[in-house]
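Residue numbers (this note's numbering): 16 to 989.
Written out as structure tokens, the structure reads:
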């Protein structure tokens, strides 16, 4: 095979010219005659000279105002780039960066290489180097937000950057110095030619383009746009919209993250938190990760995030999501008070073929195995003008038992402001005689007895009994009104009956359980309507201290304690019976796939005459849209939903496909035309269960899970919390310490496995506030016993963006106590501070893991379980089949470029080859290692013209012994 020999010789020659090291970034003393040491750029210029980026002339002059040519700039990038391992020849560097589509003008036009670079062009090149395709204005703002530039006068506008001015030697030294100081300088690049496709990811502050620029005019719906003083630009760093374009269907959603600094430009500490009110100009739903609507959100250090759900609309609109700082007491943030920070999202109606799924396996009864969206929980309107204090509730509750919405009438003596801002102190009653103040809803408010959450049923029962005993006319009773951190109304009934309190030593939780149980029907009369009430009472019971439980046992000889347990078993049996009745007969286990057609605007089509082909696990079934008439949220199907049951279950990742069977119902042919001959694919994830423990060990384990606001970006479904509870059950430590941490650390449960799992633990946890994982670890360390013979470990899940004030203390204490700390991050690596998590694990003898998705998180936990119980160490490499984070083969301008990015935690990779199958035999190329995780090789098409390459190409990773670790199959892309 002569072509293979030629390929080998070509590759060998190519390898011989490689340089395998990247120059270290150093700084030494340098004598520079024309730049005094007190010059603001001296430090950067000295660094550039010492690191051979720029040189001095024979007179030791730097000439900081001389212009930089593009050929000089491309070589500077190559010398600093940790992913570049070739010779510092300009042509080699241009060719290398062409694979990353950096917008150099001299890539294919040699004459442009000697031309001077403008500052605006540098901004675009730098943004592309960092993986963002931006036009000049957005690229300049990117430099500002990343502290690469401060502008010429500090105003940080587009004009202040002087984008058309030529880039000087002093400029480039300062820009590159700041970039290297900020972190890793390694090319990410683009996947196609730069065209401003990422402009939506960068928000330009108001006034950034000036008032006379027609090309970048302000949006028409800008009545609420930020118009604050220019120094506020120091505080607002960026606004990132994960998905700027949403389907207007009341389901599609996006995460919006605002990044901030203090008003003077200083970083905000990770343990600081501020409250922001978030509103939508089009009434879109602002929700937390549990799906509950929120008005207010708390920041986590420098970031504040919300989830926005698109409304149902029949026309395309552009929405403004506004963030306003409220309740601020920090002088360092006062420049944001009264200002509006705006993000923009577009909603567009379009036809949909939605795929939902549910999995039933009696051997793994996980309620979360499915993706049917839970009902949206709206927030109730706050009583305007009411203060957080005592209010009156009027009889009856609810006002109308037959009405669709539960409303009540409430009143308070308060100050009321009229349209002219005149203030009058008066008794204001909602639901009274004044139609300006209608009755308010309470069903979706936070309802409490004492300080314990209760159900709507118990809330009504307590109020109506008190109203019945009222001696006033009209009948009324008092409750406490408050506002939660996220802006929801709290209605709290207070006061345990004296006869009960005196028998239980005035212990609130015990008295609360007794009084609430007095409002429940007899056990035989319980129905599913009482499920939530029983579980709320049981939640109070599970959180009793040992002493409180002893007091409850003394009450009526322990009869009530047994009654609560019996009620719980009864309602759980009722729920299981209802679930069983909804399952199809003859199906012991199944994966159920549901397909629904939706009009543009979000309305479900309920009378479609036709069928759909549904494919899962290699099996294809045809289902009708008109045979299912029950509510699909209750497990059967709604009018217009096609349902297919499959006997197989795939734990982990799989997919379902749906294709409309022609011909399309003529009544809907026009609005569904985009779905014709189109296959819709839905990714399915079924929660895997852990393998049987191979070892057993008496151990103490603490579980510290980060629920700061920044974790919304990493885990929007709280999978980490649900999975950690499975870990607790799997390890079955003799002492469990379960901790939630954000601004502060809170113990959710401690003790035996059976006892802690009776509590909700992480099920009810929500992301809010700042991050201090070391406070959580410090608290965990204080809860361990002094038994030196018992193994001890801590499992931490966090994004690592945390205050480090207690880091040294915690590390020393963990090492002194022999406690191993296993740290886990999840989601995009760019959102993780892995240095802290890695140090925490390494110094205590644990291991750091990163999980890209839910499946990898399961695999990480399995490795940690085995490590703790078997007292073994394991690699940070999660699983070989996910080793390749990226693998591509691209054909462009006569070159074939092979690129692989591997999981940086997998340190056992010795080499990566690419195998090209052809009709005349397979040929492999070994890729060149650019960095610890990047491998790359470019070959000309002429080199490979004899290969007759098939579509499928295989990447193969080997260890040092030549054994295959992992493979990944891809196809060539243009």
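Each residue gets a CB set at the ideal place from its N, CA and C atoms; glycine is no exception.
Keep in mind it's a predicted model, so treat the numbers as computed, not measured.
So is residue 644 buried or exposed if we call it buried at 16+ other beta carbons inside 10 Å?
Reliability fails at residue 644, whose pLDDT of 44 lies under 50, so the model's placement of it is uncertain and the value that follows must be treated cautiously. Classification for residue 644: exposed.
Can you name, in chain order, every residue of its own chain whose Cβ lies under 7 Å from the Cβ of residue 453, other than the five neighbours on each side?
For residue 453, where only same-chain residues beyond five positions count, the Cβ hits under 7 Å are 445, 446.
Go ahead and pull the three-state DSSP assignment for residue 314.
Coil, per DSSP.
At which residue ranges does the segment 367–452 contain complete beta strand (DSSP E) runs of 3 or more residues, listed in the order of the chain?
Inside the segment 367–452, DSSP marks whole beta strand (DSSP E) runs of 3 or more residues at positions 367–375, 405–409, 422–432, 438–445, from first to last along the chain.
Backbone secondary structure at residue 600 - three-state DSSP
Three-state result, residue 600: coil.
Straight-line Cα distance separating residue 171 from residue 760:
Rounded to the nearest angstrom, the two C-alpha atoms are 39 Å apart.
Whole angstroms is fine: what's the gap from residue 75's alpha carbon to residue 719's?
Just so you know, the alpha carbons of residue 75 and residue 719 end up roughly 57 Å apart.
Determine the DSSP secondary structure at residue 736, reduced to helix, strand or coil.
In the structure shown, residue 736 sits in a helix (DSSP, three-state: H, G or I).
Is it true that the CB of residue 489 sits closer than 8 Å to the CB of residue 582?
No, they are not a contact pair.
Does the segment 320–334 come close enough to the segment 361–376 to have 3 or more Cβ pairs within less than 8 Å?
At 8 Å Cβ cutoff, the stretches touch.
Assuming residue 217 and residue 194 are in contact, meaning their beta carbons sit under 8 Å apart, how far apart are those beta carbons, in whole angstroms?
That pair is no contact at about 17 Å.
Contact defined as beta carbons within less than 8 Å: I believe residue 920 pairs with residue 974. What is the distance between those atoms, to the nearest angstrom?
Contact doesn't hold; Cβ gap of about 15 Å is too wide.
Should residue 541 be labelled buried (16 or more other beta-carbon atoms within 10 Å of its own) or exposed?
Looking at its Cβ environment, which holds 16 or more other Cβ atoms inside 10 Å, residue 541 is buried.
Please name the residue, chosen from 67, 259, 317, 448, that lies closest to residue 281 on a Cα-to-Cα basis.
For residue 281, the nearest C-alpha among the options comes from 317.
Burial state of residue 774 (16 or more Cβ within 10 Å):
Here residue 774 is buried, its C-beta having at least 16 other C-beta atoms within 10 Å.
So, does the CB of residue 786 fall closer than 8 Å to a CB anywhere in chain C?
The structure shown has no chain C; it contains just one protein chain.
Nearest CA to the CA of residue 139: which residue from 176, 123, 801?
The residue with the shortest Cα to Cα distance from residue 139 is 176.
Is it buried or exposed, residue 546, if we count other Cβ atoms within 10 angstroms and call 16 or more buried?
With 16 or more other CB atoms across the displayed protein chains lying within 10 angstroms of its CB, residue 546 is buried.
Counted within 10 angstroms of its Cβ, other Cβ atoms place residue 722 as buried (16 or more) or exposed:
Burial of residue 722 is indicated by the presence of at least 16 other C-beta atoms within 10 angstroms of its C-beta.
For residue 698, count the other beta carbons within 10 Å of its own beta carbon; 16 or more makes it buried, fewer makes it exposed. Which is it?
The residue in question, residue 698, is exposed, as its Cβ has fewer than 16 Cβ neighbours within 10 Å.
Along the chain, where does the beta strand (DSSP E) containing residue 473 start, and where does it finish?
DSSP places residue 473 in no beta strand (DSSP E) but in the uninterrupted alpha helix (DSSP H) bounded by 471–483.
Could you give the DSSP three-state label for residue 857: helix, strand or coil?
Correct three-state label for residue 857: helix.
If you drop the 5 nearest sequence neighbours on each side, which residues of the same chain put their C-beta closer than 8 Å to that of residue 711?
In chain order, 884 place their CB closer than 8 Å to the CB of residue 711, counting only its own chain and leaving out the 5 sequence neighbours on each side.
Proximity below 8 Å, CB of residue 465 to CB of residue 424
Not in contact: residue 465 and residue 424 (Cβ atoms no closer than 8 Å).
I'd like to know whether the C-beta atoms of residue 109 and residue 132 end up nearer to each other than 8 Å.
Against a cut-off of 8 Å, the Cβ pair of residue 132 and residue 109 comes out as no contact.
C-beta atoms of residue 265 and residue 201 nearer than 8 Å:
Not a contact, by the Cβ cut-off of 8 Å.
Contacting residues, own chain, Cβ-Cβ under 6 Å from residue 475 (five flanking each side not counted)
Beyond the five residues adjoining it in sequence on each side, residue 475 comes within less than 6 Å, by CB distance, of 412 in the same chain, given in chain order.
If you compare alpha carbons, which of 430, 661, 117, 128 is closest to residue 104?
Checked all of 430, 661, 117, 128; the closest Cα to residue 104 is 128.
Can you tell me the Cα-Cα spacing of residue 906 and residue 117, whole angstroms?
Rounded to whole angstroms, residue 906 to residue 117 spans 17 Å at the Cα level.
Are the segment 609–629 and the segment 570–580 in contact at 8 Å, needing three or more beta carbon pairs?
Cβ pair count under 8 Å is below three, so no.
Give the straight-line distance between the Cα atoms of residue 818 and residue 279, rounded to the nearest whole angstrom.
Their Cα atoms are separated by approximately 20 Å.
Nearest to residue 978 (by Cα), restricted to the options 956, 925, 150:
Nearest option by C-alpha distance: 925.
Is it right to say residue 864 is buried, meaning 16 or more other beta carbons lie within 10 angstroms of its own, or is it exposed?
It counts as buried.
Just how far apart, CA to CA, sit residue 823 and residue 794?
C-alpha separation (whole angstroms): 15 Å.
By DSSP, does residue 988 sit in helix, in strand, or in coil?
Reduced to three states, the DSSP call for residue 988 is strand.
Please determine, among 143, 443, 165, 422, the residue with the shortest C-alpha to C-alpha distance to residue 455.
It is 422 whose Cα lies nearest to the Cα of residue 455.
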